[in-house]
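There are 2 protein chains.
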Amino acid sequence: MMRALDLAEAVEAGDLTPATVLELALEAIGEREKDIRAFASLDTDRARLAARTIPGTDGLFGLPVGFKDIIDTADYPTEHGSPIYKGHKPISDAPIVRMTEAAQGLRFGKTATTEFAFLNPAPTFNPHNPAHTPGGSSAGSAAGVAAGFFPLAFGTQTGGSVIRPASFCGVAAMKPSFRLIPIQGVKPFAPLLDTVGLFGARVVDVAFGLAAITGRDLRVDGGDFGKPVFGITRQPFAGEGSLEANAALEQAIKALEKAGITCREVTLAPVFGEAHAHHRAINNHEGAVSLTWEYDVHCERLSPILRDCIEHGRSVSLAEYDAARAVSNKARKATHPLFEEVDVLLTFSAPGLAPLRDSTGDATYNKLITLLGLPAVNVPGWRDSATNLPMGVQVVGAFGDDQRTLAAAHLLEQALAAHA
Amino acid sequence: MMRALDLAEAVEAGDLTPATVLELALEAIGEREKDIRAFASLDTDRARLAARTIPGTDGLFGLPVGFKDIIDTADYPTEHGSPIYKGHKPISDAPIVRMTEAAQGLRFGKTATTEFAFLNPAPTFNPHNPAHTPGGSSAGSAAGVAAGFFPLAFGTQTGGSVIRPASFCGVAAMKPSFRLIPIQGVKPFAPLLDTVGLFGARVVDVAFGLAAITGRDLRVDGGDFGKPVFGITRQPFAGEGSLEANAALEQAIKALEKAGITCREVTLAPVFGEAHAHHRAINNHEGAVSLTWEYDVHCERLSPILRDCIEHGRSVSLAEYDAARAVSNKARKATHPLFEEVDVLLTFSAPGLAPLRDSTGDATYNKLITLLGLPAVNVPGWRDSATNLPMGVQVVGAFGDDQRTLAAAHLLEQALAAHA
Numbered sequence: 000m001m002r003a004l005d006l007a008e009a010v011e012a013g014d015l016t017p018a019t020v021l022e023l024a025l026e027a028i029g030e031r032e033k034d035i036r037a038f039a040s041l042d043t044d045r046a047r048l049a050a051r052t053i054p055g056t057d058g059l060f061g062l063p064v065g066f067k068d069i070i071d072t073a074d075y076p077t078e079h080g081s082p083i084y085k086g087h088k089p090i091s092d093a094p095i096v097r098m099t100e101a102a103q104g105l106r107f108g109k110t111a112t113t114e115f116a117f118l119n120p121a122p123t124f125n126p127h128n129p130a131h132t133p134g135g136s137s138a139g140s141a142a143g144v145a146a147g148f149f150p151l152a153f154g155t156q157t158g159g160s161v162i163r164p165a166s167f168c169g170v171a172a173m174k175p176s177f178r179l180i181p182i183q184g185v186k187p188f189a190p191l192l193d194t195v196g197l198f199g200a201r202v203v204d205v206a207f208g209l210a211a212i213t214g215r216d217l218r219v220d221g222g223d224f225g226k227p228v229f230g231i232t233r234q235p236f237a238g239e240g241s242l243e244a245n246a247a248l249e250q251a252i253k254a255l256e257k258a259g260i261t262c263r264e265v266t267l268a269p270v271f272g273e274a275h276a277h278h279r280a281i282n283n284h285e286g287a288v289s290l291t292w293e294y295d296v297h298c299e300r301l302s303p304i305l306r307d308c309i310e311h312g313r314s315v316s317l318a319e320y321d322a323a324r325a326v327s328n329k330a331r332k333a334t335h336p337l338f339e340e341v342d343v344l345l346t347f348s349a350p351g352l353a354p355l356r357d358s359t360g361d362a363t364y365n366k367l368i369t370l371l372g373l374p375a376v377n378v379p380g381w382r383d384s385a386t387n388l389p390m391g392v393q394v395v396g397a398f399g400d401d402q403r404t405l406a407a408a409h410l411l412e413q414a415l416a417a418h419a
Numbered sequence: 000m001m002r003a004l005d006l007a008e009a010v011e012a013g014d015l016t017p018a019t020v021l022e023l024a025l026e027a028i029g030e031r032e033k034d035i036r037a038f039a040s041l042d043t044d045r046a047r048l049a050a051r052t053i054p055g056t057d058g059l060f061g062l063p064v065g066f067k068d069i070i071d072t073a074d075y076p077t078e079h080g081s082p083i084y085k086g087h088k089p090i091s092d093a094p095i096v097r098m099t100e101a102a103q104g105l106r107f108g109k110t111a112t113t114e115f116a117f118l119n120p121a122p123t124f125n126p127h128n129p130a131h132t133p134g135g136s137s138a139g140s141a142a143g144v145a146a147g148f149f150p151l152a153f154g155t156q157t158g159g160s161v162i163r164p165a166s167f168c169g170v171a172a173m174k175p176s177f178r179l180i181p182i183q184g185v186k187p188f189a190p191l192l193d194t195v196g197l198f199g200a201r202v203v204d205v206a207f208g209l210a211a212i213t214g215r216d217l218r219v220d221g222g223d224f225g226k227p228v229f230g231i232t233r234q235p236f237a238g239e240g241s242l243e244a245n246a247a248l249e250q251a252i253k254a255l256e257k258a259g260i261t262c263r264e265v266t267l268a269p270v271f272g273e274a275h276a277h278h279r280a281i282n283n284h285e286g287a288v289s290l291t292w293e294y295d296v297h298c299e300r301l302s303p304i305l306r307d308c309i310e311h312g313r314s315v316s317l318a319e320y321d322a323a324r325a326v327s328n329k330a331r332k333a334t335h336p337l338f339e340e341v342d343v344l345l346t347f348s349a350p351g352l353a354p355l356r357d358s359t360g361d362a363t364y365n366k367l368i369t370l371l372g373l374p375a376v377n378v379p380g381w382r383d384s385a386t387n388l389p390m391g392v393q394v395v396g397a398f399g400d401d402q403r404t405l406a407a408a409h410l411l412e413q414a415l416a417a418h419a
């Protein structure tokens, strides 16, 4: 994998240039993209031209960054993973694209997404085992980081579309606090839930990238962020985790404890289980609204699974939708006492290993966190020897506490490297 | 003016048809549009064709509805009031456009907007006095209802862009609770503030239109909604209201008292003044982010006033922006005890009469309400004899209490008709 922080330091030191970093990426792409299909579109000539003009003196130091193909770009097509938008060229760039360039990031193509970031699989293969899904909806961003095609890539999460593919592909990723990253110019699905996130090789890389792009204090390399108390939850209302998910979680707990970090089982208040159950009403109702034109005009070009979602969404009563929002608000308030008890939560990233490619996996352990708007980080570190598939765990923090969440995830990453 | 509720009842009774209603609108447009310029685009042939195919049996009964030109339409251009988007045709319709059609509303062209719904004036004239502004940013929607061009039109409010032009043009309008009307497909300015609203001749017309389009219980004709207690505030932190604004407010209070409704002065907690002062940081910071591409690529095609806004927005520190959001959250919580004390607030809609056409007026009495996400209705009813310009007052309710807010505004409307 391409490690953003190390590459940036090498460019800063003069050992690499934006152009030579790009060639490393293009080499990996030349070898494996035909088998992985992480990109929805990529113009290598344009990327080479850009790499020659980026100064590489600050910020992202010219590193290539992938953008999920529901993020508007004025040059590359933005197809939302749907034949309805085949060849569609937005007039303008989403703010996050230009913010990345303002931070000396190299706009490096569009990454494959499931249809409108919902459940119909993208054409992408899991880099660790081609029979398995890379997850969704941010399939290409996760797989591309895992395959060393780019050090950083943006995705979005409405259910579990950042944390789940990161777990399945064995990369780090963060879904920050709701609206930490601007959402303008990103195709909406459920505006109450839609959150932009970033993938990278390690937690420190993701933190470095987010800090450079947003201008916020988010880096966690170097500094001392103290010893957070981890609260362990298996989110029992979300179903049973697999043997592999439990093994990854137990490995993480053991590594933390060996590193002298306190882990403590926490019991989530009943309102969190209620909120988890209400995610679907909000997701499907708002998704049905967002895709009104697509359903009305191009119904036959939607996948059956998305049609079902929209039709369910249209059947959600306004009373049910309003009740779901009210429960969410109650649950958001209930996070305050929870994060007085512990600093961060440690939970499953996904129910198990990446399933076969006819599915993108299950977001059951991500939905509640998305609904609450809390920052969440996938920390990779466990691997199934039979399938070669990785399995991550999820670190979750209080709303707005993004740097501490990253720092705790980085501690776990270090503990796993030392003690796993 | 075209009264939506009366016209719908006439269509239902068979006295009018969608086509004959449309001809009434086209007649008014033929007479006055060249002097008012409410439309950004209108295809009368297409409208006539649509009017012949709408059944006119339910919902909006085929009434023509205008859409502010920052709302995406796949047929009409969507130019955002900016030369940068001259002739721009989005690929799809915003959900609200199709929801209106699903409710048997007739898509009736695009209404003039200020540049990106900010402060640079639209080409529209005030129907009551052509030397004066219709207000902004929803200039064409307000002026077009006032001129009888359509019975209903959508606008949006980020500062005071629905309530202010309604006051200046002497029409009713509602900015509902934040996100009551879907925002997808509407050009973002400040996502934390941007709210879609509806204009109509009277409060009952706006309520009828909102109910038909959203499917929510919002109508206030007919039913008995009790006698709300009105809390009077002049929002002293927002500056001094003019003589005319005070006259309109006092007329409203007197009419309510004559109708046996309790009016009581309320003192707003200091946090509301703080929140009012923080609107600008959120508005300009988020506006600068939303218009990143426009500023980066087409800076010279932006008006000086918008450029200044974006440049100020770029200078707002993240700490300042975060602090503004924190104060807003505190102020939102403080609305709960306020609306235990009174049912609705009554306040200025604008600081005074519509100014001359080189400005769109001042949103000082609307900013706080927008930031709090509260439902607000402009009730017209006062007129300045020297200039022939109208002046409205603003009724504000608790979050989510949209029907009660409309009902209170309707009571005031009736009281003004009886006692003013």
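Line order of the protein sequences matches chains A and B.
Heads up, the first sequence is in numbering that gives the first Met the number 0, so the first residue is 0 and it goes up one at a time.
Heads up, the second sequence is in numbering that gives the first Met the number 0, so the first residue is 0 and it goes up one at a time.
C-beta: ideal position from N, C-alpha, C; glycine also.
- Contacts with chain B (Cβ-Cβ distance below 9 Å) from the segment 377-397 of chain A involve no residue at all.
- Taking CB atoms only, Glu293(B) has a neighbour in chain A less than 8 Å away.
- With a cutoff of 8 Å on beta-carbon distance, Ser140(B) and Thr113(B) are scored as not near each other.
- Contact holds between the segment 124-138 of chain A and the segment 27-40 of chain A, because three or more Cβ pairs, one in each stretch, are under 8 Å apart.
- In this structure the segment 280-290 of chain B touches the segment 304-314 of chain B; the number of beta carbon pairs closer than 8 Å is three or more.
- Rounded to whole angstroms, the separation of the alpha carbons of Ile180(A) and Val195(A) is 6 Å.
- For Gly65(A), the uninterrupted beta strand (DSSP E) segment begins and ends at 63-67.
- Burial is judged here by how many other beta carbons sit within 10 angstroms of a residue's own beta carbon; Cys308(B) has at least 16 and is buried.
- Only Gly214, Arg215 from the segment 210-230 of chain A bring a Cβ to less than 7 Å from some Cβ of chain B.
- Between Ser302(A) and Asn119(A) a beta carbon distance of about 4 Å is seen, short of the 8 Å cut, so the two are scored as contacting.
- Asn328(B) sits exposed, since fewer than 16 C-beta atoms from the chains shown fall within 10 Å of its C-beta.
- Just measuring C-alpha positions, the residue of Ile252(B), Leu352(B), Ala318(B), Thr232(B) sitting nearest Ala414(B) is Ile252(B).
- Counted as a single uninterrupted DSSP element, the alpha helix (DSSP H) harbouring Ala276(A) occupies residues 269-289.
- Flagged as an interface residue toward chain A: Ala73(B), by a C-beta distance shorter than 8 Å.
- Taking a cut-off of 8 Å on C-beta distances, the segment 375-385 of chain A touches the segment 158-171 of chain A, as three or more cross pairs fall below it.
- Between the segment 172-188 of chain A and the segment 51-70 of chain A there are three or more C-beta pairs closer than 8 Å, enough to call the two in contact.
- DSSP links Phe224(B) through a beta bridge to no other residue.
- Shortest Cα-Cα distance from Ile212(A) to any of Glu293(A), His409(A), Ala349(A), Met98(A) involves Met98(A).
- Residue state for Ser241(A) is assigned as coil, using DSSP reduced to three classes.
- Among the bridge pairs identified by DSSP, Gly230(A) is matched with Arg263(A), Leu344(A).
- At least 8 Å separates the CB of Gln156(B) from every CB of chain A.
- Closer than 8 Å to the CB of Arg97(B) there is at least one CB belonging to chain A.
- Remark: C-beta atoms of Gly134(A) and Thr359(A) approach each other more closely than 8 Å.
- For Ala171(A), the enclosing beta strand (DSSP E) covers residues 171-174.
- Interface flag for Ser289(B) against chain A is set, since a Cβ pair is found closer than 8 Å.
- Residue nearest to Glu293(B) within the set Phe347(B), Leu59(B), Phe115(B) is Phe115(B) (criterion: CA-CA distance).
- When secondary structure is reduced to three states using DSSP, Ser314(A) falls in the helix class.
- Approximately 6 Å separates the beta-carbon atoms of Leu217(A) and Asp401(A); this is inside 8 Å, confirming the contact.
- For Val394(A), the number of other beta carbons within 10 angstroms of its own is at least 16, and it is reported as buried.
- Shown here, Phe107(A) sits in a strand according to DSSP, grouped into three states.
- For Leu352(B), there is no enclosing alpha helix (DSSP H), as DSSP gives it neither H nor E.
- Counting C-beta atoms within 10 angstroms of its own C-beta, Lys257(A) has fewer than 16 neighbours from the protein chains shown and is therefore classed as exposed.
- Cβ neighbours of Leu410(B) within its own chain (closer than 8 Å, five residues either side excluded): Phe224, Lys226, Pro227, Leu255, Ala258, Ile260.
- The Cβ atoms of Gly240(B) and Leu345(B) do not sit closer than 8 Å to each other.
- Closer than 8 Å to the CB of Asp92(A) there is at least one CB belonging to chain B.
- Against chain A, the CB of Ile180(B) has no partner CB under 8 Å away; the residue lies outside that interface.
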